[in-house]
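Following: one structure in structure tokens, then a few remarks.
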Amino acid sequence: MTESALKNLTLCQTTIDESIDVFKQTYNCQSKSEACLAYAMATVLGLDPDDIEAEDITEGSSEKQIDFINIDEESENGFATIHIGQVKQEKGFSSNKLVLLKNGLEWVFAKPKPEYENLENINLKTKIGVIRELRTRYHTPRLRLNVYFITNGDSSNLSQEFNDEARAIRDFYSAIGFDNFRLHIIGAKELVQIQHERERETKKINYDLPIVFSNSIPSLINFAGKNQEKTKAIVCTVKAQELANLASVAQEDFIFVMNLRHFLGISGSVNTDIYKTCTDSEESTLFWFLNNGVTVICDSASFNGDPDKPMINLINVQIVNGCQTTVSLRKAWSNKELKEDVAVLVKIFQTSNPALVQRITLTTNNQNAITSRDLRANDRNQVLIQKAFKDKYDYYYQRKSREFSENKTIKRKSIIPNSKVGQAYLAICLRKPSVARGYKDKIWGEFYSEIFEKAVIEDFLLCYKIYTFCADMAKSIEKPKTKKEVAVYGAFHLARICGSLITKDEWGNSNAVNTAALIREIEEKPHLLEATYAKALKILRAIRTETKKQEPNPALYFKNNSVHNLIEQALDTAHMAANKDKGKLLHKSTK
Numbered sequence: 001m002t003e004s005a006l007k008n009l010t011l012c013q014t015t016i017d018e019s020i021d022v023f024k025q026t027y028n029c030q031s032k033s034e035a036c037l038a039y040a041m042a043t044v045l046g047l048d049p050d051d052i053e054a055e056d057i058t059e060g061s062s063e064k065q066i067d068f069i070n071i072d073e074e075s076e077n078g079f080a081t082i083h084i085g086q087v088k089q090e091k092g093f094s095s096n097k098l099v100l101l102k103n104g105l106e107w108v109f110a111k112p113k114p115e116y117e118n119l120e121n122i123n124l125k126t127k128i129g130v131i132r133e134l135r136t137r138y139h140t141p142r143l144r145l146n147v148y149f150i151t152n153g154d155s156s157n158l159s160q161e162f163n164d165e166a167r168a169i170r171d172f173y174s175a176i177g178f179d180n181f182r183l184h185i186i187g188a189k190e191l192v193q194i195q196h197e198r199e200r201e202t203k204k205i206n207y208d209l210p211i212v213f214s215n216s217i218p219s220l221i222n223f224a225g226k227n228q229e230k231t232k233a234i235v236c237t238v239k240a241q242e243l244a245n246l247a248s249v250a251q252e253d254f255i256f257v258m259n260l261r262h263f264l265g266i267s268g269s270v271n272t273d274i275y276k277t278c279t280d281s282e283e284s285t286l287f288w289f290l291n292n293g294v295t296v297i298c299d300s301a302s303f304n305g306d307p308d309k310p311m312i313n314l315i316n317v318q319i320v321n322g323c324q325t326t327v328s329l330r331k332a333w334s335n336k337e338l339k340e341d342v343a344v345l346v347k348i349f350q351t352s353n354p355a356l357v358q359r360i361t362l363t364t365n366n367q368n369a370i371t372s373r374d375l376r377a378n379d380r381n382q383v384l385i386q387k388a389f390k391d392k393y394d395y396y397y398q399r400k401s402r403e404f405s406e407n408k409t410i411k412r413k414s415i416i417p418n419s420k421v422g423q424a425y426l427a428i429c430l431r432k433p434s435v436a437r438g439y440k441d442k443i444w445g446e447f448y449s450e451i452f453e454k455a456v457i458e459d460f461l462l463c464y465k466i467y468t469f470c471a472d473m474a475k476s477i478e479k480p481k482t483k484k485e486v487a488v489y490g491a492f493h494l495a496r497i498c499g500s501l502i503t504k505d506e507w508g509n510s511n512a513v514n515t516a517a518l519i520r521e522i523e524e525k526p527h528l529l530e531a532t533y534a535k536a537l538k539i540l541r542a543i544r545t546e547t548k549k550q551e552p553n554p555a556l557y558f559k560n561n562s563v564h565n566l567i568e569q570a571l572d573t574a575h576m577a578a579n580k581d582k583g584k585l586l587h588k589s590t591k
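For the record, in the sequence shown the residue sitting at position 511 is 511 according to the working numbering, with numbers rising by one throughout.
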């Protein structure tokens, strides 16, 4: 390694050490090891640190060299992304530890149930159970798997043995049918690069860039790079029915063989919108503007400019991005519901270079994911809620991921992510803690209007404070085992119980003054909720103990809606007892 490269690596390693120290102080981590893991997860997964759940951390005894498992389930699309990672505080890449990670993956995906259920690590065996349930429900082709091996070392200087083991892992898991499998080897340079990219995402610059313009309306762009005669691109507009027809000429969807993602079905929220827009007489003309378009690769693309029948002749064509759009259009066409005025932006790449084909396929499918939360970020309701939080309570309501994270003048406790606000409100006010815990994507879909268009700010803030108290308690409880299990996996359910006990479920505008007073009281006395939390924990532990045999896995148990009814019954009993006691006190006072 040259001296300059060594200095660059040392600088990156120092930067990471400093970032971990900041994490330890800012997020009250108990140790540097805990801070290192939180920093790595937040960086590579693009999470707000407050979004890292206690149940995602598998580091500890009997961990099988797996430090975290994070699952992002898109329930409305019937799809899930699994992130599994090992994080080491060392400046190297050990092939032995990669082998141990490989063995850990075998525990996750291959070990029989009686074996993994005997693991001492509660979070690990619980996550394995969740992944097995997802595999049964969605099947492997609807699961995307990302595995991370993260250290503060130099990933450009790996041993041959390490590379051989990495190749074996990639070959095995790429071949067993996952929607997409990636093994990420991440060292100091990659961590710093990702960190800088995340930071740049929060610092967008708006700029008016002049372009050359003609009075005639251009309908096609034909581009070829210098000395790239065999590689060219055509950007054009195609009628939707022609694209639907192209997707119908080959059997078994052969046109999508190189597309990294299969069709997710019309029932998903995104594809529902695609179908609705292309079949709606008022919306159909906007399809071109609302859709990202379709990307095509081929061996040859020749344009025929006949004004009566203009066309592009495609040889060995594949649709590599836009499967959801194309199949939705084909479905509408076959149902005779596709409007004739629907048009689609199509990018065509002609190349005989296999490496370039692969890069085009990967980059067009693997951009930074735009989540349902991102799509709602500039919604009028989100903007108004953000303003109300700041004006009334001086809190920074975070509409976008890490929106305020780079502003050093804002205290962390003043930043409130809208994702957690939505989950807390859904769990407490709408009485759906299992949905809030297990199907958080529904916050931005099915329940969006009910949450963000109808609630008052006071309800949002009180629900958030109750949930964060429960989440903090989950991190502090260690024993006994059943108490820890309920605290970690039932945090939203405990929040529901606490919220009901302290408000008697009196929410909304008519109770805003009382709710605001409760908020002030909790802010002034941080330990005010402790007694209520103890009651809630006792109630939920009793429910769990009585019905545990129905579903031993706590993650799956607290994802089941049947728990809702048991909680509501317990709360009715608790409220009746409280009213009875209150009546007795009043009776005594009148004697």
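For every residue, glycine included, the Cβ atom is placed at its ideal position computed from N, Cα and C.
None of the values given here were measured: they were computed from a predicted structure.
Looking only at Asn-313, Ser-62, Glu-55, Tyr-275, the smallest Cα-Cα distance to Ile-69 is reached by Glu-55.
Excluding the 5 residues flanking it on each side, Ala-38 has same chain C-beta neighbours closer than 7 angstroms at Phe-23, Tyr-27, Cys-29, Pro-49, Ile-52, in chain order. Annotation: Tyr-448 is outside any beta strand (DSSP E); the continuous alpha helix (DSSP H) that includes it extends over 448 to 452.
Pairing Gln-423 with Lys-440 gives a Cβ-Cβ distance under 8 angstroms. In the three-state DSSP reduction, Asn-152 falls in the coil class, being neither helix nor strand.
Nearest in C-alpha terms to Gly-499, of all of Thr-532, His-527, Ala-474, is Thr-532. One thing to note: Arg-376 has its Cβ within 8 angstroms of the Cβ of Trp-444. Of the other Cβ atoms in all chains shown, 16 or more fall within 10 Å of the Cβ of Met-41; this residue is therefore buried. Here Gln-350 carries a strand assignment [DSSP, helix/strand/coil]. Note: Pro-417 is bridge-paired with Gln-398 in the DSSP secondary-structure output.
Judged by DSSP secondary structure, Thr-231 falls outside any alpha helix (DSSP H); it is assigned neither H nor E.
Three or more Cβ pairs closer than 8 angstroms define a contact, and the stretch 475 to 489 falls short of that threshold against the stretch 455 to 467. Sequence-distant partners of Glu-106 (beyond 5 residues in either direction) whose C-beta falls short of 8 angstroms from its own C-beta are missing from its chain.
Annotated as distal: Ala-491 and Ala-517, with beta-carbon spacing of 8 angstroms or more. Taken atom to atom, the span from the alpha-carbon of Gly-78 to that of Arg-142 is near 7 angstroms. Judged by DSSP in its simplified three-state form, Leu-430 adopts coil rather than helix or strand. A straight line joining the alpha-carbon of Ile-57 with that of Lys-88 spans about 14 angstroms. Bridge pairing for Met-576: absent [DSSP]. Setting aside the 5 residues that flank it on each side, Phe-254 has no residue in the same chain whose C-beta is closer than 6 angstroms to its C-beta. As for any beta strand (DSSP E) of minimum length 3 sitting wholly inside the stretch 88 to 159, the runs are 143 to 150, ordered along the chain. Shown here for Lys-232: same chain residues with a beta carbon closer than 6 angstroms to its own, the five before and five after excluded, namely Ala-224, Gln-350 in chain order.
In the structure shown, the three-state DSSP call for Val-435 is helix.
In the same chain as Arg-412, and ignoring 5 residues on each side of it, the C-beta atoms closer than 7 angstroms to its own belong to Thr-26, in chain order. Nearest in C-alpha terms to Gln-318, of all of Gln-386, Ser-248, Glu-337, is Ser-248.
If only complete runs of 4 or more residues are kept, the stretch 295 to 336 shows the alpha helix (DSSP H) at 323 to 334, in order along the chain. Bridge pairing for Asp-164: absent [DSSP]. Considered as a whole, the stretch 8 to 65 harbours 32 to 45 as its complete alpha helix (DSSP H) runs of no fewer than 4 residues, in chain order. Annotation for Ile-443: no beta strand (DSSP E) segment contains it, and DSSP assigns it neither H nor E.
Separation of Glu-120 and Ser-61 (C-alpha to C-alpha, rounded to the nearest whole angstrom) is 7 angstroms. Residue pairing by DSSP puts Gln-86 in a beta bridge opposite Phe-149. Contact annotation: His-184 and Asn-146 have beta-carbon atoms nearer than 8 angstroms. Straight across, the Cα-Cα distance linking Ser-75 with Cys-12 is about 39 angstroms.
Going by beta carbons, Arg-437 and Phe-558 fall inside the 8 angstroms limit. For Asp-505, there is no enclosing beta strand (DSSP E), as DSSP marks it with neither H nor E. By the Cβ test, the stretch 153 to 168 is not in contact with the stretch 126 to 143, since fewer than three Cβ pairs between them sit closer than 8 angstroms.
Each of Lys-535, Thr-547, Gln-550 was checked against the Cα of Leu-571, and the nearest Cα belongs to Lys-535.
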